[in-house]
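What follows is a short report on a single structure.
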Amino acid sequence: MKENFSRRTLFAAAAGLALLATGCATAATEAGRDYSTDKLTQQGGFRVSWRTETGAPPIGQLHTWVLHVARPDGTPVTDAAIAIDGDMPQHLHGLPTRPRMTRHLGNGDYLIDGIKFQMGGWWVMEFTITAQGRKDLAKFNLMLKR
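Mapping of the sequence shown onto mature numbering (1 follows the signal peptide of the UniProt record, and there is no 0): residues -27 to -1, 1 to 119, in sequence order.
Here it is in structure tokens:
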């Protein structure tokens, strides 16, 4: 009986340590993510920022974003083609909609229609921008809370 208790205790302690380590790793990863709404694209070809009319993006509702695209020096880009994608890396699924750029609003601002997040959590939005003879990618992390 004492031997079984020792094995159970050892197993429970090991399982508890594994769960603790996993929780710490997840918290460290989330704390290290860049949640900025304004950044340079991956190759540095454009400066991109986004905003919604409602502040934080809503969950479960179709909504629009305004994406601002400029050269690194701040000059607005007025001839961009923009492809949009989004996913939830920890859940291995994407958006339930197919967002698209529907109109250039002027001064480097573009209307992005059809965004819908079906749940809270960590999302990554990707904008592939083609303009002025370049193609570059901007990725934005979002942490949506229900």
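Glycine included, each C-beta is placed from N, C-alpha and C at the ideal position.
Can you check DSSP and say which residues form a bridge with residue i?
{"i": "residue 122", "result": "Look at the range of the chain in this structure, -27 to 119, and you will see that residue 122 is not part of it."}
{"i": "F90", "result": "I32"}
{"i": "Y83", "result": "L40 and H77"}
{"i": "H66", "result": "M61"}
{"i": "P72", "result": "P72 pairs with nothing; no bridge assigned."}
{"i": "residue 128", "result": "Residue numbering for the chain in the displayed model covers -27 to 119; residue 128 lies beyond these limits and cannot be assessed."}
Does the beta-carbon of residue i have 16 or more other beta-carbons within 10 angstroms, so that it is buried, or is it exposed?
{"i": "G79", "result": "exposed"}
{"i": "H41", "result": "buried"}
{"i": "A53", "result": "buried"}
{"i": "A43", "result": "buried"}
{"i": "A20", "result": "Going by the sequence as given, residue 20 is Arg instead of Ala. The residue in question, R20, is buried, as its Cβ has 16 or more Cβ neighbours within 10 Å."}
{"i": "residue 161", "result": "Past the boundaries of the shown model lies residue 161; the chain is included only from -27 to 119, so the question cannot be answered."}
{"i": "G106", "result": "exposed"}
{"i": "A4", "result": "exposed"}
{"i": "A111", "result": "buried"}
Residues in the same chain with beta-carbon distance under 8 Å from residue i, minus the five sequence neighbours each way, listed in chain order, please.
{"i": "R119", "result": "I32, M92 and G93"}
{"i": "Y83", "result": "V39, L40, H41, V42, A53, I55, M74, R76 and H77"}
Which residues in the same chain as residue i place their Cβ atom closer than 6 Å to its Cβ, once the five residues preceding and following it in sequence are excluded?
{"i": "M116", "result": "W95"}
{"i": "M98", "result": "G59 and F113"}
{"i": "L13", "result": "R20"}
{"i": "A(-16)", "result": "Confidence at A(-16) is low in this model, with a pLDDT of 49, below 50, so the placement of that residue should be treated as unreliable; the coordinate-derived value is given next. Excluding sequence neighbours, A(-16) sits near nothing in its chain."}
{"i": "Y8", "result": "N114"}
Thinking C-alpha only, which one of the options is nearest residue i?
{"i": "T51", "options": "G87, G81, H64 and K12", "result": "G81"}
{"i": "T48", "options": "G67, E26 and A104", "result": "A104"}
{"i": "E26", "options": "I85, A111, H64 and S9", "result": "I85"}
Ends of the beta strand (DSSP E) at residue i?
{"i": "R24", "result": "R20 to T25"}
{"i": "D11", "result": "D11 to L13"}
Between which residues of its own chain and residue i is the CB-CB distance below 7 Å, once the five residues before and five after are set aside?
{"i": "A(-1)", "result": "At A(-1) the pLDDT is 41, less than 50, meaning the model places this residue with poor confidence; the figure from the coordinates comes in the next sentence. So the list is empty, once near-sequence residues are dropped."}
{"i": "G18", "result": "R107 and D109"}
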